[in-house]
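Participant:
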Amino acid sequence: MSKLLNVVFFFFLMLLMGGTGFMALELTQLKDLYHTHVLREQKLRLDKHQLLKSIAQLKVELEDQQQAIAGLSGNILKVTYQVENQKPVVLDHLMVAPEFAVNDQVFIQKANGNSVLKVTGDKTLLNKWAERNELFFEHVIKKTMPLVFDKRTGSVVVENIVARSVFHQMGLRKGDKILRVNGRRMTRGVELRSELLKQRNTQILVLRDRKRIRIDVDYKLALLDKPKTLNEIILKLSKENFNQEVLDQLMSVESVALTQESNSNGVKIGELNDNNILSKMNFKPYDVITKVSGQTVDKAKIVSAFTSNHGPLEIDYLRKNQTHKVLVKFLETQQN
Numbered sequence: 022m023s024k025l026l027n028v029v030f031f032f033f034l035m036l037l038m039g040g041t042g043f044m045a046l047e048l049t050q051l052k053d054l055y056h057t058h059v060l061r062e063q064k065l066r067l068d069k070h071q072l073l074k075s076i077a078q079l080k081v082e083l084e085d086q087q088q089a090i091a092g093l094s095g096n097i098l099k100v101t102y103q104v105e106n107q108k109p110v111v112l113d114h115l116m117v118a119p120e121f122a123v124n125d126q127v128f129i130q131k132a133n134g135n136s137v138l139k140v141t142g143d144k145t146l147l148n149k150w151a152e153r154n155e156l157f158f159e160h161v162i163k164k165t166m167p168l169v170f171d172k173r174t175g176s177v178v179v180e181n182i183v184a185r186s187v188f189h190q191m192g193l194r195k196g197d198k199i200l201r202v203n204g205r206r207m208t209r210g211v212e213l214r215s216e217l218l219k220q221r222n223t224q225i226l227v228l229r230d231r232k233r234i235r236i237d238v239d240y241k242l243a244l245l246d247k248p249k250t251l252n253e254i255i256l257k258l259s260k261e262n263f264n265q266e267v268l269d270q271l272m273s274v275e276s277v278a279l280t281q282e283s284n285s286n287g288v289k290i291g292e293l294n295d296n297n298i299l300s301k302m303n304f305k306p307y308d309v310i311t312k313v314s315g316q317t318v319d320k321a322k323i324v325s326a327f328t329s330n331h332g333p334l335e336i337d338y339l340r341k342n343q344t345h346k347v348l349v350k351f352l353e354t355q356q357n
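Everything in the sequence shown is counted per the numbering used here, starting at 22 for the first residue and increasing by one.
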């Protein structure tokens, strides 16, 4: 009986030792697999870090190249040819700088309800702007309005937009999600920008602040709202104190509530009193001054133009969506 017990005990002992050895082998293999997995994860993290670093470096290089292109404004030679005695004569002259913003009023906007914006474009002015930027046109329009595709909404998002640019005048704003152009959904920024500048009636559907807005764009050879006949206003001031009186009159502009208009390139006039120089120039509240002596303006530029110039002032302004001009002159008179 004792021999049988010894045999059984020896059998179980051998079984236990075999099981322990097998478990030790399995643990070793699991440990090797774990270390292999850790090394693979570390390598993936390193590869991802290097990839992100490479992308960041490429972005820096791209920005440098874009700045270099923009800086070529004074160095690029535009070559034109004239035929003289059947031989081409090369005339070199410096090209103008890229125009990301536009001084001309290429588009006029008119709201038609809360969700519809009517826009009229001037083909002549748009063509002139395109011709001036012909050499680097694609770069200009991309820099003017960079776009990115949003997979979640299936729209093209306006990442940024240059103020007073053609797209800004058209009514687009930073953050707009462009859903459709003429009923078509677009995913590529290059195609979308080109479609907007094809000078044909265009309908743009955008999502702005969770509201849908429709921008209807049509084109004409010349905008309908041309300036009215130039009015001339003469302000009489005493000769003895002429400079000081002009300065006092013009400085009164600073007391007027002038606010920058977001949808039109200009400054809106607030409440006026009868003694203010703007009242004497026949301006009314809610008129929008767009240019002074041919230059686009903001509030600071208006005050500067009025206080540093005693000569004639030619002023463009909007009144009830109609464009007007006024020429203001100061006349020296003898004191009584």
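Glycine included, every Cβ here is placed at the ideal spot set by N, Cα and C.
Quantities reported herein were computed from a predicted structural model and do not represent experimental measurements.
Let me check understanding here. Comparing Cα to Cα, which of D171, G175, T344 and V318 lies closest to R205?
Facilitator: Residue mapping note: residue 205 aligns to position 184 of the sequence shown, counting from 1. Cα-wise, what sits closest to R205 is G175.
Participant: Can you tell me the Cα-Cα spacing of L146 and D125, whole angstroms?
Facilitator: Translated into positions along the sequence shown, residue 146 becomes position 125. Translated into positions along the sequence shown, residue 125 becomes position 104. If I take the Cα positions, the gap works out to 7 Å.
Participant: Are L138 and I236 closer than 9 Å when you measure CB to CB?
Facilitator: For the purposes of this step, residue 138 is taken as residue 117 along the sequence shown, with counting starting at 1. For the purposes of this step, residue 236 is taken as residue 215 along the sequence shown, with counting starting at 1. Yes, Cβ-Cβ distance for L138 and I236 is below 9 Å.
Participant: Thinking C-alpha only, which one of K149, S136 and R194 is nearest R185?
Facilitator: Your numbering for residue 185 matches position 164 in the sequence shown. Of K149, S136 and R194, the smallest CA-CA separation from R185 is found for R194.
Participant: State the Cα-Cα distance for the pair K301 and R229, rounded to the nearest angstrom.
Facilitator: Taking the sequence shown and counting its residues from 1, one reaches residue 301 at position 280. Taking the sequence shown and counting its residues from 1, one reaches residue 229 at position 208. Looking at the two C-alpha atoms, the distance is approximately 41 Å.
Participant: Let me know if K341 comes out buried or exposed under the rule of 16 or more other beta-carbons within 10 Å of its beta-carbon.
Facilitator: Here residue 341 refers to the residue found at position 320 when the sequence shown is read from its first residue. The residue in question, K341, is exposed, as its Cβ has fewer than 16 Cβ neighbours within 10 Å.
Participant: So, for L213: in the same chain, excluding its five sequence neighbours on each side, which residues have a beta-carbon less than 7 Å away from its beta-carbon?
Facilitator: Residue numbering aside, residue 213 sits at position 192 when the sequence shown is read from its first letter. If we look at L213 and ignore the five residues flanking it on each side, its Cβ neighbours are L168, V177, I199, V202 and M207.
Participant: If we ignore side chains and look at the alpha-carbon of each, how far apart do K247 and Y240 end up?
Facilitator: Residue numbering aside, residue 247 sits at position 226 when the sequence shown is read from its first letter. Residue numbering aside, residue 240 sits at position 219 when the sequence shown is read from its first letter. The predicted position of K247 is uncertain, since its pLDDT is 46 and thus under 50; a value taken from the coordinates is nonetheless stated next. Straight-line Cα distance between these residues: approximately 15 Å.
Participant: Give me the Cα-Cα distance between L218 and K69, rounded to the nearest whole angstrom.
Facilitator: For the purposes of this step, residue 218 is identified with residue 197 of the sequence shown, where counting begins at 1. For the purposes of this step, residue 69 is identified with residue 48 of the sequence shown, where counting begins at 1. Taking the straight line from one Cα to the other gives about 40 Å.
Participant: Exposed or buried, what is D53 when buried is set at 16 or more other beta-carbons lying within 10 Å of its beta-carbon?
Facilitator: Within the sequence shown, residue 53 is the residue found at index 32, counting from 1. With a 10 Å radius around the Cβ and a threshold of 16 neighbouring Cβ atoms, D53 comes out exposed.
Participant: In the DSSP output, what is E62 paired with across the bridge?
Facilitator: Taking the sequence shown and counting its residues from 1, one reaches residue 62 at position 41. According to DSSP, E62 bridges with nothing at all.
Participant: Run the CB neighbour count on E120, radius 10 Å, all protein chains shown included, and call it buried at 16 or more, exposed below.
Facilitator: Residue numbering aside, residue 120 sits at position 99 when the sequence shown is read from its first letter. Answer is buried; the Cβ neighbour count reaches 16.
Participant: Taking P333 as the reference, which of K320, A321 and V347 has the closest Cα?
Facilitator: Taking the first residue of the sequence shown as position 1, residue 333 is located at position 312. Selected option, being the one with the closest Cα: V347.
Participant: Following the continuous beta strand (DSSP E) through I199, name the residue where it begins and the one where it ends.
Facilitator: Residue numbering aside, residue 199 sits at position 178 when the sequence shown is read from its first letter. Element bounds for I199: K198 to V202.
Participant: Between A131 and R231, what straight-line distance do the alpha-carbon atoms span, to the nearest angstrom?
Facilitator: The count along the sequence shown starts at 1 and reaches residue 131 at position 110. The count along the sequence shown starts at 1 and reaches residue 231 at position 210. One point to set straight first is that residue 131 is Lys, not Ala, in the sequence displayed. Spanning the two alpha carbons is a distance of roughly 22 Å.
Participant: Give me the residue from M191, D197 and R209 with the minimum Cα distance to Q220.
Facilitator: One-based indexing of the sequence shown puts residue 220 at position 199. For the options M191, D197 and R209, the alpha carbon positioned closest to that of Q220 is the one of M191.
Participant: Taking only the alpha-carbon atoms, compute the straight-line gap between S215 and H189 and give it to the nearest angstrom.
Facilitator: The sequence position of residue 215 within the sequence shown is 194, counting from 1. The sequence position of residue 189 within the sequence shown is 168, counting from 1. Roughly 15 Å separates the two Cα atoms.
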